[in-house]
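Protein chains in written order, with the numbering used here: chain A, 192 to 413; chain B, 95 to 582. Where is the CB? At the ideal position from N, CA and C, for every residue including glycine. Below is one structure, written out as structure tokens, with a few remarks after it.
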């Protein structure tokens with residue numbers, strides 16, 4: 192049979208395809224639905240948190256940080272309760288990471304505060320001597336892209352039924368409204384907790400620095 | 095294998111990909127040396143503002159070496175060897191030539207677009223699949239063009255039976271096509287939001303655990319279908335050609351090929367051990383990873399035995415050195431991987447430096463060595479010139495071999511040290527080390543790794559020089575060399 196296949200490229204290709212497709216179908220498909228169910232009480236990310244998540248992705252924090260607490264005593268002692276599938280139900284994309292050059296961050300919101308982050312992101316070694324984490328000073332001046340975050344919220348609400356409120360609607364008018372009524376006040380709260388006058392002033396002027404959005408996201412990780 | 099001396103083949107596309115192999119190799123590995131140094135000396139993060147941090151540069155390193163250097167090297171091998179094993183010149187068809195050029199130029203655009211967007215932080219975040227949707231579409235087009243060229247050549251072939259290398263090229267094409275499409279299912283966010291936000295941004299069709307499963311199904315099989323399958327295609331062609339020896343066993347080739355195809359895809363779960371994916375997927379991942387040793391070692395042993403009775407070539411032909419050491423590193427790497435896939439070992443190894451250590455003994459020792467051998471065996475036939483310097487090639491070989499050994503030994507020690515420190519407890523059961531303790535202890539190993547990387551990079555520069563001189567100034571050859579590549 193194999194000799195015959197080698198002379199018949201079409202059937203050879205079909206044979207290869209079936210052989211490789213098979214495993215994927217068996218391992219991935221059966222759990223698709225079940226793995227996607229949220230744990231009870233899980234809220235979708237707010238627009239500000241989503242914008243912060245985008246900063247996390249843009250600056251690729253996941254090259255050094257995981258968000259997956261494995262079920263070992265050493266891990267739960269260090270980071271808290273091990274991670275559950277349902278906690279990730281609104282994570283698009285997942286951000287588990289593959290290398291822990293820095294600690295896991297899946298529950299960092301439980302033990303760090305906004306002003307700690309403000310100092311740490313500005314100069315990590317000022318808080319933790321010997322840290323190899325880069326300082327992210329540009330996040331204090333770059334402005335977070337809340338519009339794209341909002342567009343994503345609308346998209347996942349429409350396409351995947353993520354339970355956002357009625358105010359999340361397509362269109363610029365709806366976005367402006369949410370920005371004024373929700374995103375900016377939420378950002379102001381975080382900026383105030385970060386105890387940084389400059390950040391507070393910027394938010395008051397209607398511009399949210401990346402680090403404020405990022406901190407909102409990190410605070411949400413619990 | 096019989097000689098092809100009677101036929102003339104068209105190498106214009108081969109040449110283009112040769113240059114991109116060298117250039118992307120230099121860029122990608124230089125960035126690798128930089129990020130390795132940044133971990134050892136964090137002050138190096140600030141030479142380029144936000145664009146110079148470790149986290150922005152790391153995906154540039156991985157993507158440029160994988161999709162720039164390796165894929166270019168694979169296309170060199172493909173456009174060179176497919177013509178020869180099928181006994182058809184791509185120049186016989188104007189249409190296929192046009193597709194070939196088109197494929198190359200789109201590839202250049204995609205690769206440059208990838209570097210720029212990574213630098214700007216435009217990314218989906220998924221490892222080896224960071225490209226946002228516009229680039230994804232471009233890559234699909236490039237891949238389809240490649241498929242058309244491959245099957246076009248197959249359609250025109252004069253040699254009825256497909257040689258072993260062709261099996262692996264076909265598998266590369268199909269495997270990557272299937273996996274890439276599924277993994278990159280995403281919705282551009284402007285579509286449903288009434289045109290709000292960045293045009294290039296998209297959101298994954300899968301969430302959380304599902305996204306992780308699909309991503310590592312891809313991530314793992316990118317390793318399979320980019321770092322392994324096409325590289326086996328290269329060695330099945332180039333080792334017999336350079337040594338003048340027939341492949342040791344046809345049966346073993348058959349067994350290894352179909353075995354690899356069947357088993358590889360199951361092993362993806364080993365990237366997600368102890369995570370929230372279903373237990374049985376994890377167990378299957380572990381078990382099949384161990385079974386995977388069989389076909390992997392099957393190919394490697396088949397290659398080593400091809401040299402039976404001709405081991406003297408190892409001492410006097412540096413290209414044989416590269417290829418034999420490549421198969422040996424392939425064996426090492428495919429034994430190491432399954433060890434890391436055992437759940438209890440993985441509990442310590444995962445998230446540590448042992449993983450990049452494992453990757454690099456595979457890619458530096460196996461993939462890159464094969465790419466060097468591919469370019470250097472092809473060069474005298476493509477440029478009709480002798481290889482510029484044998485001693486330079488020898489020196490490169492030894493420097494890079496030492497470099498790989500420094501790299502993976504330091505990463506093994508670093509990984510296991512850190513994995514053990516994370517879980518160490520004192521007599522009362524409390525954690526013994528704060529996290530930063532487990533980072534600072536790694537400093538000497540990170541320095542050694544950076545030194546290893548630098549040595550490897552120096553070897554690469556020697557290669558680039560040697561290759562450039564071969565192409566432009568090597569002694570002219572009257573007739574195409576049969577087997578052993580002539581070198582000065």
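- Boundaries of the beta strand (DSSP E) harbouring residue 297 (chain B): 296-298, taken from the DSSP string.
- Taking the CA atoms as reference points, residue 328 (chain B) sits about 31 Å from residue 440 (chain B).
- Taking a cut-off of 8 Å on C-beta distances, the stretch 129-149 of chain B does not touch the stretch 160-169 of chain B, as fewer than three cross pairs fall below it.
- One thing to note: residue 271 (chain A) has its Cβ within 8 Å of the Cβ of residue 260 (chain A).
- One finds 338, 339, 341, 342, 345, 361, 362, 363 and 366 in chain A with Cβ atoms closer than 8 Å to the Cβ of residue 290 (chain B), taken in chain order.
- For residue 336 (chain B), the enclosing alpha helix (DSSP H) has its first and last residue at 323-337.
- The continuous stretches of beta strand (DSSP E) do not include residue 305 (chain A), which lies in the alpha helix (DSSP H) extending over residues 305-313.
- Using a Cβ-Cβ cut-off of 8 Å, residue 147 (chain B) is close to 250, 325 and 327 of chain A, given in chain order.
- Residue environment analysis places residue 295 (chain A) among the buried positions, since at least 16 neighbouring C-beta atoms fall within 10 angstroms of its C-beta.
- Of all alpha-carbon atoms in B:432, B:388 and B:415, the one lying nearest the alpha-carbon of residue 367 (chain B) is that of B:432.
- Each of B:106, B:214 and B:215 was checked against the Cα of residue 185 (chain B), and the nearest Cα belongs to B:106.
- Of the residues A:319, A:304, A:328 and A:239, the one whose Cα lies closest to the Cα of residue 313 (chain A) is A:328.
- Non-local C-beta neighbours of residue 498 (chain B) in its own chain, meaning closer than 8 Å and more than five positions away in sequence, comprise 423, 454, 455, 458, 459, 546 and 550, ordered along the chain.
- Given a length threshold of 4 residues, each whole run of the alpha helix (DSSP H) inside the stretch 202-230 of chain A is given here in chain order: 223-226.
- In this structure, the beta-carbon distance from residue 183 (chain B) to residue 104 (chain B) falls below 8 Å.
- If the five residues before and after residue 472 (chain B) are omitted, its C-beta is found closer than 6 Å to the C-beta atoms of 174, all from its own chain and listed in chain order.
- For residue 479 (chain B), the beta-bridge partners assigned by DSSP are B:570.
- Residues 300 of the same chain have their beta carbon placed closer than 6 Å to that of residue 410 (chain A), with the five preceding and five following residues left out of the count.
- With a threshold of 8 Å between beta carbons, residue 286 (chain A) makes contact with chain B.
- Under the 8 Å Cβ criterion, the stretch 526-535 of chain B does not count as touching the stretch 477-493 of chain B, having fewer than three qualifying pairs.
- For the pair residue 403 (chain A) and residue 382 (chain A), the CB atoms are nearer than the 8 Å cut-off.
- Counting along the chain, the unbroken beta strand (DSSP E) around residue 282 (chain B) starts and ends at 280-282.
- Identification of chain A residues near residue 284 (chain B) by a Cβ-Cβ cut-off of 8 Å yields 342, ordered along the chain.
- For residue 577 (chain B), the three-state secondary structure derived from DSSP is coil.
- If you check the CB distance, residue 335 (chain A) and residue 391 (chain A) do not come in under 8 Å.
- Assignment of residue 381 (chain B) by DSSP, reduced to helix, strand and coil, places it in the helix class.
- Distance check between residue 198 (chain A) and each of B:155, B:133 and B:253 places B:253 closest, using alpha-carbon atoms only.
- Note that the C-beta distance between residue 258 (chain B) and residue 341 (chain B) is below 8 Å.
- Any Cβ of chain B closer than 8 Å to the Cβ of residue 411 (chain A) would place that residue at the interface, and such an atom is absent.
- Counting C-beta pairs closer than 8 Å gives three or more between the stretch 306-325 of chain B and the stretch 361-379 of chain B, which meets the contact rule.
- Around the beta carbon of residue 217 (chain A), fewer than 16 other beta carbons lie within 10 angstroms, which makes this residue exposed.
- A Cβ of chain A is located within less than 8 Å of the beta carbon of residue 363 (chain B).
- Taking 8 Å as the cut-off, the beta carbon of residue 134 (chain B) is found no closer than this to the beta carbon of residue 508 (chain B).
- Counting only runs of 3 or more residues that sit fully inside the stretch 182-233 of chain B, no beta strand (DSSP E) segment turns up.
- When DSSP states are grouped into helix, strand and coil, residue 445 (chain B) belongs to the strand group.
- Of B:437, B:333, B:464 and B:391, the smallest CA-CA separation from residue 404 (chain B) is found for B:333.
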